[in-house]
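First the structure, in the form of structure tokens, and then the observations on it.
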Amino acid sequence: MSYALLRPLLFRIEAEKSHDVAMKTLQLAADNRLAKNALQRLYADRLPAKPVRLMGLPLKHCLGLAAGLDKQGVAGNALAALGFAWIEYGTVTPQPQTGNPKPRLFRLAKHQAIINRMGFNSIGLDAFLDNIKRTDNNVVKGLNIGKNAATPIEQAQDDYVLGMQAVYPVADYICVNISSPNTQNLRELQNDASLNALLQRLSETRKALQDQHGFDRPLVLKVAPDLASHEIDHIAKGLLKYGMDGLAATNTTLARDGVSGHRHAEQAGGLSGVPLAEQATDCIQQFYQRLQGEVAIIGSGGIDSLAQAQAKLQAGADALQLYTGFIYKGPRLIREIVKGL
Ligand SMILES: Cc1cc2nc3c(=O)[nH]c(=O)nc-3n(C[C@H](O)[C@H](O)[C@H](O)COP(=O)(O)O)c2cc1C
């Protein structure tokens, strides 16, 4: 069944239930060779090759799946067969946690947007890595790490170190998420002193892991779009100083521009999708001006069309990620963008 037919059914169900149904279906497809091969022939194999390199990693094309859809690492084989050239799994927290109380996911279909306050519902590192080790597709995998809600913010670094140590041997790159608006005080880690201390600790941990394993892994920092220009300055300097390989820009926004009046507009959480697009592109551009290609930029935020993908690349992104656009448009969005680029 095509996504155009499936979508109205999924959108009739409450948002998180529909998400669970979709993920369960993808998981079944991921674990079934026949289904996976059928999807592969229908979607991934029909995409033209547009190879790019991201932080030294070879990608079939520049379009990947953003973190948060496959938080448990269960559906990678099916998502790769749908055409994503790379997949970011997670966010995973060191210990399992249930996240915020439901409801915590809201569709604003009129605006092609989502508000979520999931709060890192995670099965924890051990179970997550068991799942990741079972995936056997050949697309690049990023593993996105976070902190547990119960860990005091002063000890957040310890959670990121635990995450890095655990995922290092299996990740193609590691993404450090300090920009979810749904874990209390998390975004404070983007601020001056906290950020430098965190980046220093990450870089020390990386050196130790490099010595231990004998190979390096690219390290990415994921930031919010709600940053003032002096904050962007400071973060960019930190990325350069501590030798980070990539910046993921952006996570969801606390702003509600463009959605006011919608019955869900005042729900707490991060807004994603079309209303975020321009703000995210502007953020990418500001980072690019400061980083000048020294640090790779992964662009996300409201990509729902070829034009929006091109805008992000023109602003300085090296590769792109989808989340909300994929929920609204399905795999045809991947085809539209990859063919058009
Ligand atoms: C329901 C939902 C859950 C998300 N969970 C995560 C997450 O766990 N970790 C993360 O780094 N980003 C998470 N994100 C943010 C996305 O990865 C992406 O950065 C953001 O939604 C902007 O892209 P989009 O407009 O294409 O959705 C989530 C987004 C949504 C909509």
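Residues 37 to 377 in the numbering used here are what the sequence shown lists, from first letter to last.
Think of the CB as a built atom: it goes at the ideal place given N, C-alpha and C, for glycine as much as any other residue.
Predicted model only: the values in this text are computed from it and were never measured.
Checklist entry - Between the C-alpha atoms of Gly126 and Gln344, what's the straight-line distance to the nearest angstrom? => result 25 Å
Item to check | Nearest-angstrom Cβ-Cβ length linking Gly155 and Gln131, presumed shorter than 8 Å | outcome: Gly155 to Gln131, Cβ: 14 Å. No contact.
Item to check | First through last residue of the alpha helix (DSSP H) which encompasses Pro44 | outcome: Tyr39 to Arg48
Next on the checklist: Once DSSP output is grouped into helix, strand and coil, what is the label at Gly112?
Outcome noted: helix
Checklist entry - Which residues does DSSP pair with Tyr125 in a beta bridge? => result Leu179
Next on the checklist: Using 9 Å as the threshold, is the C-beta distance between Ala313 and Gly338 below it?
Outcome noted: yes
Item to check | Residues bridged to Phe142 [DSSP beta-bridge criterion] | outcome: Ile151
Next on the checklist: Under DSSP, the alpha helix (DSSP H) around Cys319 begins and ends at which residues?
Outcome noted: Ala313 to Leu327
Checklist entry - Taking 8 Å as the cut-off, does the CB of His147 come closer than this to any heavy atom belonging to ligand 1? => result no
Item to check | Buried/exposed call for Asp281, threshold 16 Cβ in 10 Å | outcome: buried
Item to check | Boundaries of the beta strand (DSSP E) in which Arg170 is found, first to last residue | outcome: From DSSP, Arg170 is part of no beta strand (DSSP E) but of the alpha helix (DSSP H) over Leu161 to Arg170.
Next on the checklist: Given the structure, does Asn184 come close to ligand 1, in the sense that its CB is under 8 Å from one of the ligand's heavy atoms?
Outcome noted: no
Checklist entry - Thinking C-beta only, is Ile271 closer than 9 Å to Gln226? => result yes
Checklist entry - Can the beta-carbon of Ile333 be found less than 9 Å from the beta-carbon of Ala285? => result yes
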